[in-house]
Structures are given as structure tokens and as C-alpha cells.
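Engineer:
This is how it looks when you write it as C-alpha cells:
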């Protein structure tokens with residue numbers, strides 16, 4: 001015999017288990033047979049139970065008989081006085097008496113309708129019982145001593161007694177009985193009632209012979225909440241959306257619905273609740289009803305029957321999303337709403353409800369219906385060095401002269417990355433550039449490897465970039481062999497599928513940044529000015545370069561002058577230096593303590609750029625490119641006899657009357673000014 005392992009680890013024979021299974025199935029079948037309601041229970045009216053079954057069970061031939069008592073749609077007194085109307089169908093037995101309708105009618109409002117049948121029987125039984133020989137009846141003669149005479153002595157010994165025998169007869173009768181009392185009582189009844197004022201019920205009641213229970217069936221009337229099958233509804237809500245918003249609603253605009261509410265029930269005034277099913281409100285849509293926030297349920301009282309009420313319902317976009325699942329707008333009786341003051345908790349146990357709902361949506365139908373706001377083309381922002389500096393420079397000092405790293409930020413990264421957004425409206429996120437002064441934008445390119453591992457280029461599209469969890473994405477802009485040197489403007493622009501509306505919703509662009517691509521080093525242009533080899537002390541020396549220099553103070557370059565044959569060595573701080581555009585000019589200042597006669601005729605050397613191994617200075621062009629080699633040259637200070645030296649200049653005055661007297665006076669005045677400035681004596685010519 002095979003053994004079967006049970007879940008608890010117990011081994012049993014499979015045949016034994018099979019017998020248990022069959023036994024269990026038979027038991028289930030028996031239960032199903034006895035628990036299945038009878039189809040003909042409606043034939044067994046509860047009124048018949050009182051009249052027929054009840055009378056048999058609760059009475060016998062010696063008991064009081066229960067008379068027929070029925071509750072009808074009309075009282076019996078009215079039925080008996082009814083008049084037959086002509087032109088009515090004739091009954092087969094030509095019986096013109098109205099039939100009694102054995103139904104029960106009761107009204108709501110707190111009163112109850114009760115029916116009860118009680119029976120009580122008491123049995124008292126007394127009988128003989130055997131106890132100490134059962135019953136006895138006999139007589140006895142008894143003899144016993146008695147006192148006949150009593151005498152007392154005066155002196156001495158004590159009383160003197162004379163005793164004689166006493167004789168008497170007894171008659172004994174003994175009976176033993178046993179008494180018992182039995183009581184039997186039975187009560188069967190029911191109560192019908194309803195708390196809601198205005199409710200009316202006509203009920204048929206039946207009994208189940210198998211279980212002895214009462215079965216209720218409502219056949220007419222009117223009920224409020226919860227509405228009972230078989231009655232007219234006092235509250236029968238109707239909800240309709242009479243106006244839907246357009247398909248294209250901009251994200252900052254309100255989505256407006258027009259809702260119509262009415263009561264189709266028979267109640268003159270009713271109370272309803274309107275609410276939106278926020279369970280499905282995934283993206284925190286904001287709802288406004290009649291100008292007030294509509295977060296919970298809104299209760300409406302005194303709703304008249306067959307009267308329509310129109311309400312404006314506004315739906316506003318949540319903080320992040322643009323597409324939402326539809327929301328169910330529900331209208332129901334106030335007693336079915338948990339937040340209502342008249343909520344009836346028993347309403348929740350009824351499967352049937354008069355609650356109605358409509359879906360809020362503006363795009364699609366059926367399962368594809370959604371609440372959708374027009375999603376503008378996703379935003380993109382500058383990030384990294386471009387955001388910090390607001391420009392870019394690619395020069396000879398750049399770590400990567402062939403590419404420029406461009407980093408952008410996705411402000412909607414919490415919703416989706418650029419790569420995922422292309423499944424919606426987004427098409428591209430491209431970097432564009434143009435040279436300053438040009439109107440045409442070009443698409444930047446980046447270098448990638450093809451399937452064979454060979455380098456190739458493609459449009460720089462950030463939807464192809466690896467965006468991190470913080471929303472940042474970086475790509476290299478290929479410059480070498482694609483973008484010549486120059487001054488450029490760049491932008492990153494998102495492009496989306498066109499909606500046919502404003503162009504702003506089909507694209508988004510970052511602010512335009514400007515930058516320079518300059519890999520050319522500055523060089524000295526032509527010879528040092530003046531071109532002669534001999535210069536005067538204090539005369540300006542000028543070096544011209546091929547492009548504008550970085551001339552902001554403090555100057556970025558070193559400048560050193562060494563006069564041969566002397567101890568004079570001057571740096572930039574001891575000289576008068578001027579840097580303008582493409583020129584660097586300087587002069588040896590004779591007022592810094594130079595022995596002029598000593599340096600006359602001496603040669604001197606000049607070096608401009610990076611002087612000294614540890615120096616960080618250099619000549620830089622405007623874009624930060626450093627000159628490759630220092631500028632070096634030599635000149636000679638002119639050997640001039642200062643005692644014989646002279647200087648002349650022309651002094652011009654405009655709008656002055658020309659006469660000998662005026663000229664003479666002005667000449668004398670100019671001479672005095674010059675002598676004063678040069679600290680000359682009157683004896684000097």
C-alpha cells in the first residue's frame with residue numbers, strides 16, 4: 001500500500017485518505033442540499049403561517065382558534081364597502097367580492113409595525129407515590145403509667161405518690177403523593193420599521209419550512225437611503241458633464257468642466273453629496289468647485305426633484321506632471337457618504353446603490369481617456385563652467401584644444417530624463433553655434449565611434465547623452481577640423497513635435513552665450529619704435545604685436561631695462577609703462593635718480609614677457625594665449641651736450657586779436673611759466 005505524506009509530516013495510506021476525501025465530499029453535498037433555498041418559498045406566506053401552519057403547531061382542539069387577520073393595501077372596511085365598476089373583466093366564478101391581499105404596509109419615520117404569536121401551556125400533575133410502604137391505615141391501643149393521687153407530708157420525708165396504668169387508642173392514616181408542573185411556551189413574531197420620514201413600504205413575508213426563518217420581499221412603496229429594491233427611489237441622483245474643456249489646455253490655464261446635477265427620484269427635497277475620487281489623483285491635481293477648493297466632498301441640501309443645478313468645476317495642473325488618469329466625479333445620497341452628517345453606516349452593507357459617477361477628462365475616450373495639459377517643450381539649462389562664467393574660451397592653454405565640454409541641466413529630471421522624453425513630445429536637444437554677426441545657426445557635432453570602432457561625427461544631441469540621477473548631462477563639442485577660430489555664440493535648444501499652436505510651445509532655448517576659439521599665439525609686429533638705434537633719454541619706446549593684448553592692470557608681463565656699463569637695472573614698477581590694444585610702450589624716467597650725464601651714450605637692453613624662471617608673468621593676448629618667446633631688443637641713449645641743447649615749440653591761441661603789444665605780453669607770460677615749471681633762473685636763456 002502506498003503512503004502519502006501530509007503537510008504536517010504525518011504518513012497515511014492513500015486509500016485511507018481517499019475514504020476521508022469521499023466522506024468530506026458527501027458531507028458538503030448534504031450541506032448544499034439543505035442550505036439551497038427553495039424556489040417556491042413565495043407560496044408560503046407568513047400570513048398563511050399564522051393561519052394554517054401556526055394554528056396546527058401551536059394549538060390543539062381544546063385551544064382557542066386563531067382567526068384570520070390580514071394587513072392589506074386598503075383596510076378591510078374599505079374593501080367591504082367598495083363598488084364594482086362597470087366594463088371590468090368578469091371573473092370565472094362570477095364572484096364580485098374583492099379578494100383580500102395579504103400584505104403588510106408600514107411607513108417610515110421611527111414607528112414600527114409588529115406581529116407576534118405566543119403560546120404557553122402549563123401541565124400540573126399530582127399522583128400517589130410509594131413511600132415507606134406506600135399508603136397505610138390502622139389503629140393501636142397504648143397502655144402507660146399515670147398519676148392518680150399526690151399527697152404531701154408536713155414534717156419530714158417528702159411527697160407521697162400513688163401510680164396507676166394509663167390506657168388510650170391511636171388511629172394512623174398515611175398517604176404519599178408526587179406533584180409535577182410542566183411549562184411549554186413559544187413566541188413567533190417580527191417588527192418592521194424605518195427611520196427615514198417619507199419612506200413607505202409594502203412587504204410580502206414568507207416563511208422557510210426548512211429553517212423556520214422569515215423571508216421578506218418588498219413589492220411596492222418608496223424608500224430613501226439606502227434604496228430598497230421593489231420601491232420607488234426618493235433619492236435618485238443624476239449627474240452629467242454638459243461641457244468638457246478643449247483638448248489643448250496650457251499648463252498655467254484652468255481646465256473648466258460644467259457639471260449638471262438633478263434628482264430623478266420621487267422625493268420633493270433631498271440631500272446629496274458630490275465628491276471626486278482622489279484615490280486616482282496621482283499627480284496632485286487641484287480641484288475648485290464654485291470658487292472654493294474641492295478636496296473632500298461637497299454636500300447639497302434641498303435638492304428639488306426634476307430640477308437641474310449647474311456647477312463649474314475647475315481642474316488645475318499639479319506641480320510636475322502634465323498627463324493624469326481620469327478622475328471619477330461621484331454623486332450619491334448623503335447617507336451613503338462617510339463624511340456626511342446624516343451618514344447611515346448601514347448603507348455600506350447594501351450591494352445596490354443609487355450612486356452615479358462621471359469621468360473627468362479632456363483627451364481620448366474609454367480606456368484611453370486622460371486629463372492632459374499641453375506640455376511645453378522641456379526646459380534645458382546651462383551647467384558647469386558655462387553657467388558659472390557665462391562664456392567660453394578655447395585657447396592654447398586649454399587642456400583639450402580639439403573639443404569643448406558642454407554640460408547642461410534637465411530641470412524636469414524628477415519626471416523623466418531627456419532620453420525618456422523622446423517617447424513623448426521631445427525630439428532633440430541640440431547644441432547650435434554661429435559666428436558673431438552671422439544669422440545662420442549651425443548644429444554642433446560630436447565625435448563617436450561607429451560599429452567598427454572607427455571615429456565618426458554626429459549631431460550633438462543631449463538625448464543621446466548619459467544623464468545622471470541629478471539631471472546633468474555632458475557632451476564634447478568637436479572643434480578640430482569643424483569650427484575655425486573666431487568669436488561665436490552658442491545655445492542649446494529643445495525641439496518638440498508641433499501642436500499647431502504658438503511656436504514657444506514647440507521649442508525651448510537657453511540664453512545665448514558668447515565665446516572665443518583662439519589658438520593663435522601673439523607675436524611681435526615689425527620693429528620697435530622709433531626705428532633709429534639712438535633714442536633720447538625719456539623718449540617713448542613702443543613694441544607693436546599682431547593682436548590685442550591683455551592690458552588690464554596689474555599688467556601680466558614683466559619688463560626689464562639694463563643700461564650697460566652702469567649699475568642701473570629697472571623693472572616694470574620703476575618705468576613708465578603704457579599698454580593699449582596691440583602696443584606696449586615705456587620710457588626711462590630721468591626723475592627716478594638717474595645720473596643723466598653718466599648714462600649718456602650708453603647702450604641698454606630691453607626684455608618683455610616672462611623674465612626669470614620662476615616668473616608666472618607673460619605677454620597674453622586678449623584670449624589668454626601667451627607669447628612663445630620674450631621680446632628682446634637693444635638701443636643706445638643719445639650722447640647730448642645739455643648745455644647746448646635747446647628745444648622749441650609752437651604755441652597757438654585762437655580767437656585773439658593779433659597786435660605787437662599783445663604778442664609781446666603773451667610771450668613774456670609763457671616764458672615765465674616755463675621757467676617756473678623747469679625751475680630755471682632768470683639768467684638762463
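Residue numbers (UniProt numbering): 1 to 685. Ideal Cβ positions, reconstructed from N, Cα and C, are used throughout, including at glycine.
(1) Grab me the residues of residue 674's own chain with a C-beta within less than 8 Å of its C-beta, minus the 5 sequence neighbours each way, in chain order.
(2) What is the DSSP secondary structure of residue 283, counted as helix, strand or coil?
(3) Would you report the Cα separation of residue 628 and residue 603, rounded to the nearest angstrom?
(4) Just to confirm, are residue 425 and residue 494 a CB contact at a threshold of 7 Å?
(5) Determine the direct distance from the alpha carbon of residue 412 to that of residue 243, and round the result to whole angstroms.
(6) To the nearest angstrom, how far is it from the Cα of residue 236 to the Cα of residue 226?
(7) Can you tell me the Cβ-Cβ gap for residue 578 and residue 543, rounded? I've got them flagged as a contact below 8 Å.
(8) Under the rule that 16 or more other beta-carbon atoms within 10 Å means buried, what is residue 335, buried or exposed?
(9) For residue 570, I'd like the list of residues in its chain whose CB is within less than 6 Å of its CB, leaving aside the five on either flank, ordered along the chain.
(10) By DSSP, does residue 672 sit in helix, in strand, or in coil?
(11) Would the stretch 284-303 and the stretch 322-337 be scored as touching if the rule is three or more Cβ pairs under 8 Å?
(12) Taking buried to mean at least 16 other C-beta atoms within 10 Å of its own C-beta, is residue 104 buried or exposed?
(13) From which residue to which residue does the alpha helix (DSSP H) around residue 388 run?
(14) When you compare the CB positions of residue 491 and residue 432, do they come within less than 7 Å of one another, or not?
(15) Under the three-state reduction of DSSP, which class applies to residue 628: helix, strand or coil?
(16) Taking three-plus beta-carbon pairs below 8 Å as touching, is the stretch 603-613 in contact with the stretch 631-638?
(17) How about residue 623 and residue 395: do their beta carbons lie closer than 7 Å?
(18) Beta strand (DSSP E) containing residue 458: first to last residue?
(19) Can you grab the Cα-Cα spacing for the pair residue 322 / residue 255, in whole Å?
(20) With three or more beta-carbon pairs closer than 8 Å as the criterion, would you say the stretch 194-206 touches the stretch 103-122?
(21) Could you tell me the boundaries of the alpha helix (DSSP H) in which residue 597 lies?
(22) So what does DSSP say about residue 241, is it helix, strand or coil?
(23) What residue range does the beta strand (DSSP E) around residue 276 cover?
(24) Can we say the stretch 514-522 touches the stretch 609-618, given the rule of at least three CB pairs closer than 8 Å?
(25) Using beta-carbon positions only, say whether residue 482 and residue 445 come within less than 7 Å of one another.
(26) Alpha carbon to alpha carbon, what distance is there between residue 553 and residue 672?
(27) If the criterion is Cβ atoms closer than 7 Å, does the pair residue 109 and residue 197 meet it?
(28) I'd like the list of long-range same chain contacts for residue 485, defined as Cβ closer than 7 Å, with 5 residues on each side in sequence excluded.
(29) Would you kindly report the start and end of the unbroken alpha helix (DSSP H) that includes residue 419?
(30) I need the straight-line Cα distance from residue 114 to residue 195, nearest angstrom please.
(31) Spatial neighbours of residue 565 within its chain, please: C-beta separation below 6 Å, excluding the five flanking residues on both sides.
(32) Would you give the residue range spanned by the beta strand (DSSP E) that residue 489 belongs to?
(33) Could you spell out where the beta strand (DSSP E) holding residue 412 opens and where it closes?
(34) So, are the CB atoms of residue 381 and residue 417 less than 7 Å apart?
(35) Name the DSSP bridge partner or partners of residue 122?
Structural biologist: According to the data block:
(1) Correct list, in chain order: 680.
(2) The answer is coil: DSSP assigns residue 283 none of H, G, I, E or B.
(3) If I take the Cα positions, the gap works out to 26 Å.
(4) No, the pair does not count as a contact, with Cβ atoms beyond the cut-off.
(5) Approximately 32 Å, taken between the alpha carbons.
(6) Rounded to the nearest angstrom, the two C-alpha atoms are 11 Å apart.
(7) Taking C-beta atoms under 8 Å as the contact rule, residue 578 and residue 543 fail to qualify, at a distance of about 11 Å.
(8) Residue 335 comes out buried.
(9) Hits under 6 Å: 561.
(10) In the displayed model, residue 672 falls within a helix according to three-state DSSP.
(11) In short, these stretches touch, since the Cβ pair count reaches three.
(12) Per the 10 Å Cβ criterion, buried.
(13) Element bounds for residue 388: 384-389.
(14) A contact, by the Cβ cut-off of 7 Å.
(15) The DSSP-derived three-state label of residue 628 is coil.
(16) Contact between the stretch 603-613 and the stretch 631-638 is present, because at least three Cβ pairs lie under 8 Å.
(17) If you check the CB distance, residue 623 and residue 395 come in under 7 Å.
(18) Judged by DSSP secondary structure, residue 458 falls within the beta strand (DSSP E) whose first and last residues are 455-459.
(19) Counting only the Cα atoms, residue 255 lies some 12 Å from residue 322.
(20) Judged by Cβ distances under 8 Å, the stretch 194-206 makes contact with the stretch 103-122, as three or more pairs qualify.
(21) Per DSSP, the continuous alpha helix (DSSP H) segment holding residue 597 begins and ends at 596-599.
(22) Collapsing the DSSP output to three states places residue 241 in a strand.
(23) Judged by DSSP secondary structure, residue 276 falls within the beta strand (DSSP E) whose first and last residues are 269-276.
(24) As far as the Cβ criterion goes, the stretch 514-522 does not touch the stretch 609-618, which means the pair count is below three.
(25) Between residue 482 and residue 445, the C-beta spacing is below 7 Å.
(26) Going from the Cα of residue 672 to the Cα of residue 553 covers about 38 Å.
(27) The criterion of a C-beta distance shorter than 7 Å is satisfied by residue 109 and residue 197.
(28) Excluding sequence neighbours, residue 485 sits near 517, 518, 519, 520.
(29) Unbroken alpha helix (DSSP H) run through residue 419: 418-421.
(30) One C-alpha to the other measures close to 15 Å.
(31) Correct list, in chain order: 602.
(32) 486-496 is the extent of the beta strand (DSSP E) around residue 489.
(33) Element bounds for residue 412: n/a, residue is neither H nor E.
(34) In this structure, residue 417 does not lie closer than 7 Å to residue 381 by Cβ.
(35) According to DSSP, which records beta bridges pairwise, residue 122 is partnered with 183.
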